[in-house]
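Under this note's numbering, the first residue of the sequence shown is numbered 99, with each subsequent residue one higher. By construction, the Cβ of each residue, glycine as well, lies at the ideal position given by its N, Cα and C atoms. Okay, so here's the structure we're looking at.
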Amino acid sequence: MSDAQTRRIQVDLSGKVACVTGAGRGIGRAIAVTLGQAGASVACVDVNLEMAQETAATIRSFGKGQAEAFPCDVTDSNQVNATVESIVEKFGGLHILVNNAGITRDGLLLRMKDEQWDAVIAVNLRGTFLFTRAAARYLIRAGGARVINIASISGLMGNPGQANYSASKAGVIGFTRTVAKELASRQVTVNAIAPGFIATEMAHALGEQALEEIKKRTPLGRLGDPQDVADLALFLASDSAAFITGTVIRVDGGLAE
Ligand SMILES: NC(=O)c1ccc[n+]([C@@H]2O[C@H](COP(=O)([O-])OP(=O)(O)OC[C@H]3O[C@@H](n4cnc5c(N)ncnc54)[C@H](O)[C@@H]3O)[C@@H](O)[C@H]2O)c1
């Protein structure tokens, strides 16, 4: 067993219910599995039901917490409300919400179509708002609940070709800071993780040459692994992070200034 795995096991989330959006693959999958390994019951939400079912089956195979897949498009208010109700009905509450579902539709500003702008804002920003709003009253009831929003260093420093994506992630950061203040008196913490370039299908869409350049620009000399992000999510979900709220934490190998 690696040192990292040993450390993860020390966080005990048994009795907690976690909901991870975009849990079907990539970073969301790593977060869902990691929270499940720590004993949480995990609602794996994704627009792609089959992929969410695979994640849930992986979590169940550990024989610790329960896991179930929930099909949901995070941009659709009715679907989001119904999904949160189903999760609470199935698991009896909600303690940890991870807003991870996200997309890119890259293009330079002068050529960016309305649809590219709207699609990215809808999933990354509106989806985070809809899920957090739907979950808020259950998180308040849970006592010591957690919201973890997956932003991006693009939302902090900008990235050519990603005006839509950077704006959505900067929006997620502003949303995080405000909701942290609104829910603090109810002991709900709200934080954002800003990953750099993480080796998932989203990043690989940039092409191998671009990724080699990014590795060269990254002080730690590699792309991140989804587990690098999942380990921080696990810490933020744990009791050890009870006094941390309204922050943005980078997981980027030192890339952003
Ligand atoms: N990979 C990176 O380099 C990187 C860097 C910074 C931030 N991020 C952020 O991390 C998060 C996860 O990224 P990833 O690299 O794992 O991406 P990914 O494309 O591998 O996975 C995204 C998941 O979200 C799901 N999804 C997409 N639209 C959805 C919708 N409308 N409703 C529900 N689910 C939906 C997809 O089906 C998929 O399972 C995103 O918010 C992304 O912006 C990624």
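Within the present structure, is the beta-carbon of residue i separated from the nearest heavy atom of ligand 1 by less than 8 Å?
i    : result
V288 : no
T119 : yes
D144 : yes
P324 : yes
S252 : yes
V221 : yes
N176 : no
M300 : yes
V140 : no
N179 : no
Would residue i pass as a contact of residue j if the rule is Cβ separation under 9 Å?
i    : j    : result
A138 : I194 : yes
N146 : V218 : no
T287 : I342 : yes
A234 : L281 : yes
G124 : E299 : yes
F273 : T316 : no
I185 : C117 : yes
V143 : T181 : yes
N179 : T226 : no
I246 : A303 : no
V221 : S264 : no
L192 : L332 : no
G190 : V270 : no
L254 : A292 : yes
Which first and last residues belong to the alpha helix (DSSP H) in which residue i is found?
i    : result
N262 : A261 to L281
T181 : S175 to F189
T153 : L147 to S159
Between residue i and residue j, what straight-line distance do the alpha-carbon atoms span, to the nearest angstrom?
i    : j    : result
V131 : M210 : 36 Å
Q165 : G126 : The residue you asked about is not Gln; residue 165 is Ala in the sequence shown. Using only the alpha carbons, I get a separation of about 14 Å.
E306 : T345 : 32 Å
N176 : G319 : 43 Å
D350 : G113 : 32 Å
D212 : G256 : 19 Å
A121 : L207 : 30 Å
T276 : E152 : 35 Å
G322 : Q285 : 31 Å
A301 : A136 : 27 Å
K203 : A155 : The sequence given here places Arg at residue 203; Lys does not occur at that position. Spanning the two alpha carbons is a distance of roughly 30 Å.
G259 : P324 : 23 Å
I251 : L111 : 28 Å
D337 : F168 : 27 Å
D216 : T119 : 19 Å
From the DSSP output, read off the bridge partner residues of residue i.
i    : result
A167 : C142
P293 : V349
At the 9 Å Cβ level, is residue i part of the contact set with chain C, yes or no?
i    : result
R158 : Chain labels in this structure do not include chain C; a single protein chain is all it has.
Should residue i be counted as a contact of ligand 3 given a C-beta to heavy atom distance under 8 Å?
i    : result
R231 : Only ligand 1 can be found as ligands here, which leaves ligand 3 out of the picture.
Tell me which residue opens and which closes the beta strand (DSSP E) that residue i is part of.
i    : result
V245 : R244 to I248
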